[in-house]
Amino acid sequence: MLQNLNLLEVAHERTRNLPYGKQRLVEIALALAAKPEVLLLDEPAAGVPAGESRELFETIAQLPPDVTVLLIEHDMDLVFRFADRISVLVNGGLLTEAEPDAIARDPRVKEVYLGEAISG
Numbered sequence: 108m109l110q111n112l113n114l115l116e117v118a119h120e121r122t123r124n125l126p127y128g129k130q131r132l133v134e135i136a137l138a139l140a141a142k143p144e145v146l147l148l149d150e151p152a153a154g155v156p157a158g159e160s161r162e163l164f165e166t167i168a169q170l171p172p173d174v175t176v177l178l179i180e181h182d183m184d185l186v187f188r189f190a191d192r193i194s195v196l197v198n199g200g201l202l203t204e205a206e207p208d209a210i211a212r213d214p215r216v217k218e219v220y221l222g223e224a225i226s227g
């Protein structure tokens with residue numbers, strides 16, 4: 108598991124001494140040790156520098172296919188690179204759910220998240 112999560116080179120380090128992105132990977136490794144069917148990640152990139160967040164998401168993308176990842180994240184660039192399917196919530200309700208390309212084109216999503224007026 109350490110190798111799969113790119114943690115082998117830091118296996119003998121104290122967690123508190125690791126870069127924040129590696130600390131997040133240790134947290135994910137601990138969760139995966141329970142062999143979950145679903146892994147809920149609530150803003151895993153929060154506070155993680157850009158270079159480390161890319162590594163974090165590349166590693167998450169390599170998780171076994173039998174583990175479903177439910178991701179809550181506000182970094183939309185990471186979401187669009189990572190997700191197979193996106194659910195957009197507004198005020199606690201589901202606005203839409205689709206593949207990333209469809210979400211990117213959806214005028215309702217643009218209006219809500221980018222402040223663009225819907226023409227038509």
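Note that the working numbering has the sequence shown beginning at 108, numbered continuously upward.
The C-beta atom is built at its ideal place from N, Cα and C for all residues, glycine as well.
One thing to note: I135 has its Cβ within 9 angstroms of the Cβ of T166.
Straight-line measurement puts the Cα of V219 at about 12 angstroms from the Cα of A211. Under the three-pair Cβ rule at 8 angstroms, the stretch 186-197 does not count as touching the stretch 137-156. Contact annotation: M183 and A140 have beta-carbon atoms that are not nearer than 9 angstroms. In the displayed model, D149 falls within a strand according to three-state DSSP. DSSP assignment within the stretch 136-203 yields the following whole alpha helix (DSSP H) runs of 4 residues or more, N-terminal first: 157-168 and 183-189.
Scanning its chain for C-beta atoms nearer than 7 angstroms, with the 5 sequence neighbours on each side dropped, one finds around R131 the residues P151, V155 and L163, in chain order. As DSSP reads the structure, A205 sits in a beta bridge with I193. Of the candidates S194, G200, T122 and G199, S194 places its Cα closest to the Cα of P207.
Here K129 is buried. Its C-beta has 16 or more other C-beta atoms within 10 Å.
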